[in-house]
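A quick write-up on the structure given underneath.
Protein chains: 2
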Amino acid sequence: MTPAHEQAVLPAPHTSDVPALLERGRTLATPVLREVVDRLAPPMNTVAAYHFGWIDAMGRPTEGDSGKAVRPALALLSAEAAGGPCEAGIPGAVAVELVHNFSLLHDDLMDGDEQRRHRDTVWKVHGPAQAILVGDALFALATEVLLEVGTADAGRATRRLTTATRKLIDGQAQDISFEHRERVTVAECLEMEGNKTGALLACASSIGAVLGGADDATADALEAYGYHLGLAFQAVDDLLGIWGEPAVTGKQTWSDLRQRKKSLPVVAALAAKGPAAERLGELLAADAKNPEIDDFSEEEFATRAALIEEAGGRAWTTEEARRQHATALDALNGVVMPEEIKQCLFALADFVVVRER
Amino acid sequence: MTPAHEQAVLPAPHTSDVPALLERGRTLATPVLREVVDRLAPPMNTVAAYHFGWIDAMGRPTEGDSGKAVRPALALLSAEAAGGPCEAGIPGAVAVELVHNFSLLHDDLMDGDEQRRHRDTVWKVHGPAQAILVGDALFALATEVLLEVGTADAGRATRRLTTATRKLIDGQAQDISFEHRERVTVAECLEMEGNKTGALLACASSIGAVLGGADDATADALEAYGYHLGLAFQAVDDLLGIWGEPAVTGKQTWSDLRQRKKSLPVVAALAAKGPAAERLGELLAADAKNPEIDDFSEEEFATRAALIEEAGGRAWTTEEARRQHATALDALNGVVMPEEIKQCLFALADFVVVRER
Numbered sequence: 001m002t003p004a005h006e007q008a009v010l011p012a013p014h015t016s017d018v019p020a021l022l023e024r025g026r027t028l029a030t031p032v033l034r035e036v037v038d039r040l041a042p043p044m045n046t047v048a049a050y051h052f053g054w055i056d057a058m059g060r061p062t063e064g065d066s067g068k069a070v071r072p073a074l075a076l077l078s079a080e081a082a083g084g085p086c087e088a089g090i091p092g093a094v095a096v097e098l099v100h101n102f103s104l105l106h107d108d109l110m111d112g113d114e115q116r117r118h119r120d121t122v123w124k125v126h127g128p129a130q131a132i133l134v135g136d137a138l139f140a141l142a143t144e145v146l147l148e149v150g151t152a153d154a155g156r157a158t159r160r161l162t163t164a165t166r167k168l169i170d171g172q173a174q175d176i177s178f179e180h181r182e183r184v185t186v187a188e189c190l191e192m193e194g195n196k197t198g199a200l201l202a203c204a205s206s207i208g209a210v211l212g213g214a215d216d217a218t219a220d221a222l223e224a225y226g227y228h229l230g231l232a233f234q235a236v237d238d239l240l241g242i243w244g245e246p247a248v249t250g251k252q253t254w255s256d257l258r259q260r261k262k263s264l265p266v267v268a269a270l271a272a273k274g275p276a277a278e279r280l281g282e283l284l285a286a287d288a289k290n291p292e293i294d295d296f297s298e299e300e301f302a303t304r305a306a307l308i309e310e311a312g313g314r315a316w317t318t319e320e321a322r323r324q325h326a327t328a329l330d331a332l333n334g335v336v337m338p339e340e341i342k343q344c345l346f347a348l349a350d351f352v353v354v355r356e357r
Numbered sequence: 001m002t003p004a005h006e007q008a009v010l011p012a013p014h015t016s017d018v019p020a021l022l023e024r025g026r027t028l029a030t031p032v033l034r035e036v037v038d039r040l041a042p043p044m045n046t047v048a049a050y051h052f053g054w055i056d057a058m059g060r061p062t063e064g065d066s067g068k069a070v071r072p073a074l075a076l077l078s079a080e081a082a083g084g085p086c087e088a089g090i091p092g093a094v095a096v097e098l099v100h101n102f103s104l105l106h107d108d109l110m111d112g113d114e115q116r117r118h119r120d121t122v123w124k125v126h127g128p129a130q131a132i133l134v135g136d137a138l139f140a141l142a143t144e145v146l147l148e149v150g151t152a153d154a155g156r157a158t159r160r161l162t163t164a165t166r167k168l169i170d171g172q173a174q175d176i177s178f179e180h181r182e183r184v185t186v187a188e189c190l191e192m193e194g195n196k197t198g199a200l201l202a203c204a205s206s207i208g209a210v211l212g213g214a215d216d217a218t219a220d221a222l223e224a225y226g227y228h229l230g231l232a233f234q235a236v237d238d239l240l241g242i243w244g245e246p247a248v249t250g251k252q253t254w255s256d257l258r259q260r261k262k263s264l265p266v267v268a269a270l271a272a273k274g275p276a277a278e279r280l281g282e283l284l285a286a287d288a289k290n291p292e293i294d295d296f297s298e299e300e301f302a303t304r305a306a307l308i309e310e311a312g313g314r315a316w317t318t319e320e321a322r323r324q325h326a327t328a329l330d331a332l333n334g335v336v337m338p339e340e341i342k343q344c345l346f347a348l349a350d351f352v353v354v355r356e357r
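This is the structure we're talking about:
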């Protein structure tokens with residue numbers, strides 16, 4: 001089996017130091033994030049700290065897996081893209097992280113997901129009420145931390161973040177509705193993923209610039225970069241959800257198939273013609289009514305994955321990641337910015353498409 | 001049994017036309033609220049319309065009970081208090097209603113409440129995921145509708161609304177934590193009620209003024225009026241929750257006792273000395289461990305209510321409503337505003353304290 005990331009390797013990778021960019025985002029945003037989260041009254045501060053991986057379920061400090069931190073890196077770069085210091089992007093980085101984690105808390109509960117980043121989810125450990133409440137609180141903190149900046153540009157940034165959050169909610173609503181439907185078109189799937197993943201990455205990629213006073217055209221171009229980057233990110237995520245290495249992704253084998261997710265490779269395969277697509281359609285239709293999918297053998301999932309691949313769902317999604325990646329880079333052409341910053345944004349886009357987890 | 005409102009009647013009621021003030025708030029705010037809610041993608045718009053009582057569970061238009069509409073009335077009056085037209089307060093009225101209903105959607109789910117305003121709650125009809133999702137969406141819409149105003153004052157208003165929302169969430173967190181505790185002090189109960197009810201009424205009472213450009217001192221004084229009005233409102237609510245007329249309140253008899261709520265009359269009674277307080281403490285401690293409270297007879301609840309009254313919990317709460325009412329009126333002394341507007345705010349304060357539902 002070819003790992004997803006090898007198929008998606010790009011012709012000419014950009015060479016900026018991505019680990020350093022991610023580390024800078026983490027280093028500058030996390031202390032502010034922790035300070036802001038600490039404003040929450042007990043027990044919400046503890047629940048939030050657990051969610052962020054700063055403490056374990058017993059309240060002991062941990063060196064947790066805090067995620068890839070692509071969003072903070074983007075927020076800081078976007079401040080620099082608009083000619084400001086990267087620090088101007090910090091409140092934006094923190095606000096976007098707060099909204100992202102608000103949505104994780106609520107989505108995990110709505111979806112009944114029991115694990116995230118190798119740990120039990122908040123509703124599983126602290127109960128549904130805390131997951132709702134702390135999610136709400138993080139959402140409120142996002143607006144709070146942005147408006148505290150106190151400038152007219154902070155008001156603009158908050159408005160854009162609110163728009164992105166509304167799309168995030170729309171995307172989750174679509175995702176839930178797809179579960180109850182037999183067929184979902186590729187266009188519907190892309191729209192859902194654009195809302196659920198694209199909108200917030202778009203906001204992360206522009207919010208630093210907006211805080212730094214960039215005009216709307218610049219902010220819109222940076223948003224377009226982030227939006228298509230988000231779609232590329234999600235296409236890769238959908239590949240990893242089926243063909244990812246469990247040891248690397250932290251998920252089960254065939255994770256999205258187990259959850260019957262109508263992800264891009266699946267809907268693209270089902271939209272194809274030919275015997276593989278037909279056989280896949282029959283199998284998945286039967287699976288939809290089968291409560292015993294949890295007891296399927298590895299082989300049964302492998303059969304479905306092979307059919308998706310045979311029907312062209314894997315190749316199409318890989319190609320789609322490449323297309324969205326290219327569209328993201330194109331969006332930056334219209335923006336005047338320091339060349340080294342552009343190279344960093346290019347390199348981050350490469351990273352998103354070739355990552356293994 | 002003396003109805004709660006009779007005990008709480010005020011010495012010299014103010015005479016402005018309260019029904020007309022409430023009706024004006026409803027008439028001006030509801031069309032905008034409906035337009036804003038209609039921005040939600042399906043099925044969230046339908047779920048929200050059900051929650052607001054505009055349609056029934058089958059989607060048919062209804063003439064539902066839309067609540068007392070005190071908050072919109074206050075938001076419009078606060079715009080006039082700052083010397084502007086009442087219309088300047090409309091986005092504020094709508095935003096506050098959105099936040100209030102966001103919190104109802106989430107609280108009903110967290111608390112497991114199956115009925116609100118004589119109807120099944122959203123999570124009961126449309127499921128927990130929709131209650132979470134639509135709540136989130138209403139919260140986002142609140143920020144959206146305010147920031148759309150596009151002025152620096154709208155940014156100030158949003159910041160105040162966000163602060164109030166954070167307190168609302170704190171209050172719900174406290175309320176939940178009280179359920180698991182044997183004893184709650186009167187001070188803790190008042191703090192929780194200040195967060196859960198006072199903060200948003202404070203925001204409603206000042207947001208129109210802020211949108212109209214009032215200075216912070218004026219806004220703070222109006223907030224103080226609303227905050228204490230909220231505490232008066234809640235004290236009356238707590239009285240109605242035990243001694244209210246079911247036909248008027250739309251709740252069961254002894255509603256708060258059935259739910260084992262540690263409301264003001266209860267905590268005040270338990271804080272008293274003497275045989276009634278002691279007997280009450282014993283009964284409630286036993287009730288806390290008794291899963292069969294739903295099967296209690298009317299008489300068993302009546303016994304508890306009588307003990308609360310004998311221990312002074314009812315009189316204390318009635319007096320507390322009067323105190324908070326007086327403090328609310330006092331707060332307006334420092335504000336220069338048209339005399340007829342002040343009379344309207346006085347009259348609304350009276351209404352809140354003497355209402356029967």
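The listed protein sequences derive, respectively, from chains A and B.
Reading the first sequence from the start, the letters are residues 1 to 357 in UniProt numbering.
Reading the second sequence from the start, the letters are residues 1 to 357 in UniProt numbering.
For each residue, glycine too, the CB sits at the ideal point set by N, CA and C.
The model shown is predicted, which means the values in this text are computed figures rather than measured ones.
- Contact annotation for B/H106 against chain A: I132, L133 and D136 [CB-CB distance below 8 angstroms, chain order].
- One Cα belongs to A/F102, the other to B/A20, and the distance between them is close to 41 angstroms.
- Taking CB atoms only, B/L109 has a neighbour in chain A less than 8 angstroms away.
- In the DSSP assignment, A/D38 falls outside any alpha helix (DSSP H), carrying neither H nor E.
- Residue pairing from DSSP leaves A/I242 without any beta-bridge partner.
- Contacts between A/A157 and chain B, judged by CB atoms closer than 8 angstroms, are missing: the closest CB pair is about 10 angstroms apart.
- Here B/Q115 carries a strand assignment [DSSP, helix/strand/coil].
- DSSP links B/D120 through a beta bridge to B/Q115.
- Taking the Cα of A/A129 as reference, the smallest distance to any Cα among A/M110, A/W54, A/E80 and A/L283 is reached at A/M110.
- With a threshold of 8 angstroms between beta carbons, A/Q172 makes contact with chain B.
- In the three-state reduction of the DSSP assignment, A/P31 falls in the helix class, which pools H, G and I.
- Taking the Cα of A/Q172 as reference, the smallest distance to any Cα among B/G241, B/G226, B/A137 and B/G313 is reached at B/A137.
- For B/R166, the enclosing alpha helix (DSSP H) has its first and last residue at A152 to E179.
- Look at the beta carbons and you see the region 205-221 of chain B not touching the region 278-285 of chain B: under three pairs across the two are nearer than 8 angstroms.
- DSSP places B/P291 in the helix class (H, G or I) of the three-state scheme.
- B/L98 and B/G274 have their alpha carbons spaced roughly 45 angstroms apart.
- DSSP, read as helix, strand or coil, puts A/P61 in strand.
- For A/T218, no Cβ of chain B is located within less than 8 angstroms of the residue's own Cβ.
- B/S177 sits away from B/S78, with the two beta carbons spaced by 8 angstroms or more.
- For A/P43, no alpha helix (DSSP H) segment is defined, and its DSSP state is neither H nor E.
- The residues R260 and I293, in chain order, have a CB closer than 7 angstroms to that of B/D287 in the same chain once the five nearest residues on each side in sequence are set aside.
- The criterion of a C-beta distance shorter than 8 angstroms is satisfied by B/A232 and B/H325.
- For B/K68, no alpha helix (DSSP H) run applies, since DSSP gives it neither H nor E.
- Comparing alpha carbon positions, the residue from A/P246, A/D237 and A/E245 closest to A/K262 is A/D237.
- About 35 angstroms separates the CB atoms of A/A82 and A/G250; that is not less than 8 angstroms, and the two are not in contact.
- Residues of the region 119-131 of chain B with a Cβ closer than 8 angstroms to any Cβ of chain A, in chain order: P128 and A129.
- Residues of the region 30-49 of chain A with a C-beta atom less than 9 angstroms from some C-beta of chain B are R39, L40, A41, P42, P43 and M44, listed in chain order.
- If you ignore the 5 residues before and after A/G334, its C-beta comes within less than 6 angstroms of the C-beta of A221, all in its own chain and listed in chain order.
- B/G89 and B/G208 do touch by the CB rule: their CB atoms are close to 3 angstroms apart, below 8 angstroms.
- Residue environment analysis places A/R314 among the buried positions, since at least 16 neighbouring C-beta atoms fall within 10 angstroms of its C-beta.
- Across the structure, A/A41 and B/N195 are spaced so that their CA atoms are roughly 12 angstroms apart.
- Using a 10 angstroms sphere on the CB of B/H100, the tally of other CB atoms reaches 16 or more, which defines it as buried.
- Neighbours of A/A271 in chain B, taken as residues whose beta carbon is under 8 angstroms from its own, are absent, since the nearest beta carbon is some 23 angstroms off.
- Of B/M58, B/S16, B/V47 and B/E87, the smallest CA-CA separation from B/R26 is found for B/E87.
- If you check the CB distance, B/A305 and B/I242 come in under 8 angstroms.
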